[in-house]
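Per the numbering used here, the sequence shown runs over residues 5 to 91.
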Amino acid sequence: MALLFLAIYFIACEILVQKDIMPRFLKKFHAGKLIFISLSVILTLAVISFYVKYAVVLVILSTIYFSVVISNYYLKEFQKMERGKKI
């Protein structure tokens, strides 16, 4: 049952990010900063979940969300490259 909810969450994140519905500050970052912020948020939540056991779910959900955001960033950049634009 939990895997079903994670799959639904993943699909919902993918749809929202593809429709460009995400926080404005995440749209402005380049790849390096986006990866750094993602890692820092995930590691911070991991440290919190070490002390508060219920926060482990937040680590899983944030990892899924940031992976979708990063993959969408690279997808857009590769589409620009395919059209012949310089990056």
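Don't be surprised by glycine CBs; every beta carbon is placed ideally from N, CA and C.
All figures in this text were calculated on a predicted structure; none of them were measured in a lab.
Endpoints, alpha helix (DSSP H) assigned at residue i
i	result
Y55	A35 to Y55
M85	V60 to E86
Anticipated Cβ contact below 8 Å, residue i with residue j, distance rounded
i	j	result
V63	L30	In fact, because the Cβ distance is near 18 Å, the residues do not count as touching under 8 Å.
A59	I52	5 Å
Proximity to residue i [Cα-Cα], best of the options
i	options	result
I78	L10, Q22 and F14	The displayed chain sequence assigns Tyr, not Ile, to residue 78. When only C-alpha atoms are compared, the closest one is Q22.
V45	F70, R28 and F14	F70
D24	K80, L7 and K57	K80
Beta-carbon proximity check, residue i vs residue j, cutoff 9 Å
i	j	result
L49	S66	yes
I41	F33	yes
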